[in-house]
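Those letters in the sequence shown? Residues 0 to 69, per the numbering used here, in order. Worksheet: the structure to be examined is printed underneath.
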Amino acid sequence: MNLNDTEYYYIKNAQDDIIGLIDKVGTQVTSYTYDTYGKVISIDGSLKDTAHKINTYRYREYRYDSETGL
């Protein structure tokens with residue numbers, strides 16, 4: 000994922016949920032927490048207010064629409 004000419008990479012768990020983003024040196028900049036059904040409970044990290052708006056992949060690596068919440 001590219002934001003402001005900087006590359007970020009996905010962190011996945013064993014179920015392929017996107018659980019965070021790291022920068023090129025491995026610093027985690029965003030983390031996602033989900034409920035049992037895949038709804039985002041929280042977004043944390045230094046880029047929580049910007050990166051999640053352009054990162055469309057979340058739970059089970061499905062695309063996420065921030066306008067509808069689906």
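Using N, Cα and C, we set each Cβ at its ideal position, and we do this for glycine too. Keep in mind the model is a prediction, meaning the values are calculated, not measured.
Presumed contact (8 Å Cβ cut-off) between residue i and residue j, rounded CB distance
i   : j   : result
T29 : G37 : No, T29 and G37 are not in contact; Cβ-Cβ is about 17 Å, not under 8 Å.
Contact check, residue i vs residue j, beta carbons under 8 Å
i   : j   : result
I21 : Q14 : no
I42 : M0  : no
I17 : K11 : yes
L2  : T55 : no
Chain-order list of residues whose beta-carbon lies under 7 Å from that of residue i (same chain, five-residue window excluded)
i   : result
I40 : T32, Y33, D34
S45 : V28
K47 : T29
Cβ-based neighbour list, residue i, same chain, cut-off 6 Å, excluding 5 preceding and 5 following
i  : result
Y8 : I21
Close beta carbons around residue i, own chain, < 8 Å, minus the five adjacent residues each side
i   : result
R57 : D16, I17, Y31, Y33, G37, V39, Y63
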